[in-house]
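In this note's numbering, the protein residues as written are -16 to 181.
Here is the structure we will look at.
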Amino acid sequence: MASYNRDTLIENLLDQTEITLKRAIEWQLIPHTTFALRPTSESWSANECLQHLNSYGRFYLPAIESVLSRSEKRESSTQFSSGWLGNYFTKLMMPGTDGKPSKKMNSPKDHSPKIIIDSRLVISEFIDQQEKLLALLNTGKKFDLNTVKVGISIAPFIKLKLGDVFRFVIAHQVRHILQAERALATAGLVQEKVIILS
-16 MASYNRDTLI
-6 ENLLDQTEIT
4 LKRAIEWQLI
14 PHTTFALRPT
24 SESWSANECL
34 QHLNSYGRFY
44 LPAIESVLSR
54 SEKRESSTQF
64 SSGWLGNYFT
74 KLMMPGTDGK
84 PSKKMNSPKD
94 HSPKIIIDSR
104 LVISEFIDQQ
114 EKLLALLNTG
124 KKFDLNTVKV
134 GISIAPFIKL
144 KLGDVFRFVI
154 AHQVRHILQA
164 ERALATAGLV
174 QEKVIILS
C-alpha cells in the first residue's frame, strides 16, 4: 500500500484545504442566481456541490473530533501507511489529469441536495467546515495516523485509519470543487483553476 511521510502528508492536506478555503471565500462574491445555476438539468450547480460536501462534513468532522477526544496522544510513527480500503476510496475520489472524475458515481440519497438553499448560507457553512478541518489536521499531528480509526459514513462500523479519512475527505472535496468550477464556467464565470496537490 501507499506510504507517506507523516509530516509531509499533513502539510499537503493542510495546503489543499487552504486552497479550497480561499476559493470558497472568493465565491461569497458570486450572486446566488449564478452560483445556483445548473449546467444541465441533470448536473449539479456549484451550490449543490457545496451542499453535498457540507452534508459529508456534518458527518466526518464531528466523527474525527470525537475519536481524537477519546484517543491518547502518543509519539506517532513518522510514516503513514495507507490501508487498502482507505487508499481505494481515496483513489476513487481523485480526479484525472484533466480535472474530471476518473470514475462517475451516484451520490447516496441522504447526501444528495434536495432543496436549493441560499448560497450565502451554503458557502458560509462550507467555510466554517474548512476552518474546522484545518484545526483537526493540526490536532491530528499529535496522534498516530495509523492506529487511530474513524468510522465511514456509509457504514460507521467500518473504520479507516485517521490518515486515510483525512485523505478521503479532502480528495472528495477536490472532486466536487472542480465540479463546481465547471458549473460556474458554464454560467459564464471564468476563474483560475484550483491547484490539485498530489
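Beta carbons are placed, not taken as given, at the ideal position from N, Cα and C, and that holds for glycine.
Item to complete: Please report the residue range of the beta strand (DSSP E) in which V133 lies.
Response: In the sequence shown, counting from the first residue as 1, residue 133 sits at position 150. Where V133 is concerned, the enclosing beta strand (DSSP E) stretches over 132 to 135.
Discussion item. Using only CA atoms, which one of G69, I47, P14, F109 lies nearest to A185?
Written reply: The first residue shown for the chain is -16 and the last is 181, placing residue 185 beyond what the model contains.
Worksheet entry | Per DSSP, the bridge partner or partners of K125 | Looking up residue 125 in the sequence shown gives position 142. Its beta-bridge partners do not exist; DSSP assigns none.
Worksheet entry | Own chain partners of W67 with C-beta closer than 8 angstroms, once the 5 adjacent residues on each side are dropped | Looking up residue 67 in the sequence shown gives position 84. Same-chain partners within the cutoff: M(-16).
Worksheet item: Mapping DSSP to helix, strand and coil, what is P78?
Response: Numbered from its first residue, the sequence shown carries residue 78 at position 95. Under the three-state reduction of DSSP output, P78 falls in the strand class.
Discussion item. Beta-carbon within less than 7 angstroms of N30's beta-carbon, same chain only, minus the 5 sequence neighbours each way: which residues are those?
Written reply: Residue 30 sits at position 47 when you count from the first residue of the sequence shown. Taking C-beta separations shorter than 7 angstroms and ignoring five residues to either side along the sequence, the partners of N30 in its chain run F18, A19, I99, S102, V105, following chain order.
Item to complete: In angstroms with no decimal places, state the Cα-to-Cα distance between I13 and T61.
Response: Position 30 of the sequence shown, counted from the start, is the residue given in the question as residue 13. Position 78 of the sequence shown, counted from the start, is the residue given in the question as residue 61. Our two residues, I13 and T61, have alpha carbons roughly 42 angstroms apart in a direct line.
Worksheet entry | Nearest neighbour of Y43, chosen from L(-3), R158, P139 [CA to CA] | As a working mapping, residue 43 is identified with position 60 in the sequence shown. Per the Cα distances, P139.
Practice prompt. With DSSP as the reference, label S181 as helix, strand or coil.
Written response: Residue numbering aside, residue 181 sits at position 198 when the sequence shown is read from its first letter. Summary for S181: the model assigns pLDDT 48, below 50, so the residue's position carries little reliability, and this model does not support an answer.
Worksheet item: Rounded C-beta distance between L145 and V131? I'm assuming under 8 angstroms.
Response: Against the sequence shown, residue 145 aligns to sequence position 162. Against the sequence shown, residue 131 aligns to sequence position 148. Cβ atoms of L145 and V131 come within 8 angstroms of each other, at about 4 angstroms.
Fill in: Proximity of T169 and P78 at Cβ, strictly below 8 angstroms
Here residue 169 refers to the residue found at position 186 of the sequence shown. Here residue 78 refers to the residue found at position 95 of the sequence shown. Taking 8 angstroms as the Cβ cut-off, T169 and P78 do not qualify as a contacting pair.
Worksheet entry | Enclosing beta strand (DSSP E) for Q62 [first to last residue] | Here the question's residue 62 lines up with position 79 in the sequence shown. Element bounds for Q62: 62 to 64.
Worksheet item: So what does DSSP say about A138, is it helix, strand or coil?
Response: Locating residue 138 in the sequence shown gives position 155, counting from the first residue. A138 falls in the strand class under three-state DSSP.
Discussion item. Quick check: F149 and L120, are their CB atoms within less than 8 angstroms of each other?
Written reply: Here residue 149 is taken as the residue at index 166 of the sequence shown, counted from 1. Here residue 120 is taken as the residue at index 137 of the sequence shown, counted from 1. Contact flag set, yes.
Worksheet entry | As assigned by DSSP and simplified to three states, the class of S54 | For the purposes of this step, residue 54 is taken as residue 71 along the sequence shown, with counting starting at 1. DSSP places S54 in the coil class of the three-state scheme, outside both helix and strand.
Worksheet item: Going by the beta-carbon positions, is the gap between S49 and A166 smaller than 8 angstroms?
Response: The residue you call residue 49 lines up with position 66 of the sequence shown. The residue you call residue 166 lines up with position 183 of the sequence shown. Not a contact, by the Cβ cut-off of 8 angstroms.
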